[in-house]
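1 is the number of the first residue of the sequence shown in full-length UniProt numbering; add one for each residue after it. Written out below as structure tokens is the structure these notes cover.
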Amino acid sequence: METKEKKKKSFGLFNFLNVKQDREEITKDNLYEFIIKKEYNKNQNIVFWSTFVGYLVFYFTRKQWTMVGTELINNGILDNNYYATIGLVFSISYGIAKFISSPLSDTKSNKWLLSLGLIGAGVLNIAFGFSWTGATATNIITAVVMSCLIQVVIGFVHSLGATPSIRFFYNWFNNKQRRNRIITWNVAHNIGSALSTFVILGSNVLFSELLPAELKYLSFFLLPSIISIVIGIFLLFLLKDTPESVGLPPVKTYYNMELIGVKDQSKTQMDEEKGKPWRYFFVKYVLLNKYVWLLFFVNLFVYTLRMGLSDWSLLYFKQEYNFDVKAQGKWIYSMFDWGGLILTLIVGLLTNKHLKRFAPITSATIGISTFALIGIWTLSDGQSGILSIFMFLAGFIYIPQCFLPIMVSEFSHYRVVSTASGLFGMAGYIGDAIMSKVIIGMGLYNAQARWDAIFIFLIVCGSLAVLLLIPMFNKRHTQ
């Protein structure tokens, strides 16, 4: 009774002003636990915010070509084919590198990988800017060849963003914490993508008057590159690879938890695998894992759907409804990213709290996004309000991009979570490069009924992704 009265009295609008006196007293007996808990919480917060900011900043140097290439086209220096080719080179390079570099996250220092990725992205981005020094329509080939070569290396450097970040979450957080943190971290790319426009254009305003005329395009690259390099240096000092690297107990011991891939194993199996090399886990839990391959193709189709909406919807609004791209077209298009950000946080965190299987809700969100795509396609007139709603609902496609990496990691093994994520991630950029930019951009867009063909293709991709998830509806995660 007295406790209830105390709780009742403690409720009030201005209770935050009260002195907090309900903390457990620190004694000799609990001092060890107090220090460990405090250090764990501190380092977990550092890891989360460092990876969040780091991954966000990667988008400052990843979105560069969209804006600079558009400027070069508007100035009559570049044509659409060269513009698409340079973007395609990055997508292919990045997709391949996601798989090739992912084993490094399972075997090397992720603090160094993430930091060097940001520093390297900044340095190479400046080199990318220099490749357009004095570029004109008559000497464009040299600039295009140099840009493509630099984009190959930039693709590999950018592959050191997502997989090291995800590995940090598996090194530092228990199951429930990790999923919540990954879901929240996932919106970093939405925020980074949105902020990149202001950073890149701000860089142009800041440096265009300071640079000579032949280096005018370099002005777009400098501020994003400086930010990337500075953040990379900071993270090198802030991040800690594992709890053990700062004298804390490993996450398995601290949370008394079983690691991914060992929950259903017998003691004999665990003993047999104890001394096995990394390649054993790679073959058994990645290459021969049917769920990893199912999710590979799900991600391929999901990424095709997302990049199809991202790459082509703005052009569709312009050609079909004659929307001004800088006016209503821009705002309708932006609803796609806003939908992704808001829906990912709401649906993602609620799902993790109340549901333990991600496949059914992932399938449902792909279905909603596909129906929104059908709505955009079949709308008889250009009602901007209804189109905005459909674009917002199409943002549901960002939720699978949040859940699928968690699923592919938890269907594998703790020794190869980054490698499984890298193979899975490669599928996404095949969806971007081959499916969106080649099949749609260089094929279906040139067809007679271009928009009907594009929408049918994207709807088929969404439907296939839904069907491929059905075998995993009752599949229990390893934790």
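The beta carbon of each residue, even a glycine, is placed where N, CA and C say it ideally should be.
6 Å Cβ shell around residue i - same chain, five flanking residues per side excluded
i	result
residue 161	55, 58, 117
residue 232	115, 118, 119
residue 48	181
residue 239	50, 111
Between the CA atoms of residue j and residue i - distance to the nearest angstrom
i	j	result
residue 275	residue 412	18 Å
residue 439	residue 302	15 Å
residue 92	residue 475	32 Å
residue 6	residue 428	With a pLDDT of 46 at residue 6, under the threshold of 50, the predicted position of this residue should be treated as unreliable, and no value is reported.
residue 335	residue 36	44 Å
residue 498	residue 97	Nothing about residue 498 can be read from this structure; the chain reaches only from 1 to 479.
residue 134	residue 140	10 Å
residue 230	residue 119	8 Å
residue 174	residue 121	31 Å
residue 241	residue 452	49 Å
residue 313	residue 289	36 Å
residue 164	residue 379	43 Å
residue 333	residue 415	41 Å
residue 277	residue 393	45 Å
residue 282	residue 343	34 Å
residue 256	residue 234	32 Å
residue 461	residue 143	36 Å
residue 399	residue 431	17 Å
residue 471	residue 111	37 Å
residue 126	residue 364	43 Å
residue 258	residue 209	58 Å
residue 397	residue 367	9 Å
residue 352	residue 402	12 Å
residue 76	residue 214	16 Å
Cβ neighbours of residue i in the same chain (closer than 7 Å, five flanking residues each side left out)
i	result
residue 298	404, 465, 468, 469
residue 8	With a pLDDT of 48 at residue 8, under the threshold of 50, the modelled position of this residue cannot be trusted, and the question is left open.
residue 194	337
residue 153	124
residue 83	69, 73
residue 406	179, 182, 358
Whole-Å CB distance - residue i paired with residue j, under 8 Å assumed
i	j	result
residue 220	residue 435	Incorrect: roughly 29 Å between the Cβ atoms, too far for contact.
residue 348	residue 183	4 Å
residue 409	residue 260	7 Å
Pick from the options that is closest to residue i, judged by C-alpha positions
i	options	result
residue 137	156, 168, 79, 153	79
residue 317	351, 82, 384, 284	384
residue 308	146, 249, 456, 33	456
residue 218	423, 354, 205	205
residue 481	102, 320, 198	Limits of the chain in this structure are 1 at one end and 479 at the other, which puts residue 481 out of reach.
residue 176	350, 52, 127	350
residue 103	401, 181, 388, 418	418
residue 244	396, 39, 198	39
residue 279	83, 107, 402	107
residue 227	60, 369, 82, 65	60
residue 95	446, 422, 130, 454	422
residue 473	420, 295, 18	295
Any non-hydrogen atom of the ligand HEM closer than 7 Å to residue i Cβ
i	result
residue 429	The model on display carries no ligand, and the ligand HEM is accordingly not part of it.
Neighbourhood of residue i by C-beta distance below 8 Å, restricted to the same chain and skipping five residues each side
i	result
residue 250	242, 243, 244
residue 71	217, 220
Any C-beta of chain C under 8 Å from that of residue i
i	result
residue 105	No chain C appears in this structure, which consists of one protein chain only.
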